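Below is one structure, written out as structure tokens; comments come after it.
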């Protein structure tokens with residue numbers, strides 16, 4: 000296989016992953032990231048996805064599931080909240096529900112010790128344990144962990160502090176992906192804006208407005224603290240206020256124009 004064949008194969012994997020996950024980008028770095036994710040999807044290994052709020056961690060996890068051999072099985076998302084007792088119970092229920100498929104654990108750094116034990120047992124032994132099943136039943140589930148780099152503490156710190164199992168953390172070492180925030184690839188914002196406006200307009204059965212250059216300049220310059228989610232919310236606010244063919248600065252939320 001030539002270098003060109005390798006690049007073409009990687010590009011095809013990246014495009015397949017983008018379609019499956021629903022991402023929209025023209026950023027070469029993200030295309031490489033998606034190509035790597037497409038390759039990892041075919042391996043039945045645990046995966047860690049790191050990204051700020053609104054970067055698309057759950058979409059990324061769905062993309063991995065959708066390109067894996069488990070795509071015919073369930074995809075279940077479990078959020079780890081502030082209540083340890085509730086999280087323990089929810090993880091115990093989620094593992095059997097995801098049997099034969101994929102469990103994406105969002106906010107895994109907040110998982111209490113018993114939930115961590117159950118997740119590690121599922122990865123390491125393929126069995127349910129603890130509150131998940133006192134009888135140690137078989138558990139055929141792929142675990143994807145999702146975490147925010149701004150979480151307090153982050154996973155590495157939680158390991159040092161002894162609140163997160165080191166062996167569970169290390170289980171994700173071979174397949175860790177970091178989704179960059181939108182402010183690090185602003186060149187992709189125009190494509191996202193067009194994509195979101197088309198989607199919104201289709202729902203309202205109207206033509207998507209064009210975007211005035213000065214409007215796009217404001218959208219590209221804004222830092223988007225919650226990333227693509229914030230951009231979508233801004234356009235959901237702006238589009239109904241646009242009663243002409245062009246989206247103008249005055250249609251945008253005040254936070255973007257001031």
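Residue numbers (the numbering used here): 0 to 257.
We put the CB at the ideal spot given by N, CA and C, even for glycine.
Here the structure is a predicted model, which means the values were calculated and not measured.
Asked                                                                                                                                                                                    : Found
Is it buried or exposed, residue 19, if we count other Cβ atoms within 10 angstroms and call 16 or more buried?                                                                          : buried
Mind checking which residues open and close the alpha helix (DSSP H) that includes residue 275?                                                                                          : The structure shown does not extend to residue 275, since the chain is modelled only from 0 through 257, so no value can be given for it.
Closest to residue 254 by CA distance: which of 174, 83, 241, 218 is it?                                                                                                                 : 218
Kindly list the residues whose CB is nearer than 7 Å to the CB of residue 194, restricted to its own chain and excluding five residues on each side of it in sequence; keep chain order. : 23
In the structure shown, what three-state DSSP assignment does residue 255 receive?                                                                                                       : helix
Quick one: what's residue 78 bridged to in DSSP?                                                                                                                                         : 105
In whole angstroms, what separates the C-alpha of residue 168 from that of residue 247?                                                                                                  : 47 Å
How would you write the range of the alpha helix (DSSP H) that residue 33 sits in, first residue to last?                                                                                : 27-40
With a CB to CB cut of under 6 Å and the five nearest residues on each side skipped, what residues in its chain are close to residue 184?                                                : 26
Out of curiosity, what's the CA-to-CA distance linking residue 120 and residue 127?                                                                                                      : 7 Å
Determine the direct distance from the alpha carbon of residue 227 to that of residue 76, and round the result to whole angstroms.                                                       : 20 Å
With H, G and I counted as helix, E and B as strand and the rest as coil, what does DSSP make of residue 85?                                                                             : helix
I'd like to check one pair, residue 48 with residue 79: are the Cβ atoms closer than 9 Å?                                                                                                : no
Quick one: what's got a C-beta closer than 7 Å to residue 122's C-beta in the same chain, skipping five residues either side?                                                            : 45, 142, 170
Given this structure, state the Cα-to-Cα distance separating residue 224 from residue 67, to the nearest angstrom.                                                                       : 32 Å
How big is the Cα-Cα spacing for residue 213 and residue 64?                                                                                                                             : 40 Å
DSSP state of residue 162, grouped into three classes?                                                                                                                                   : coil
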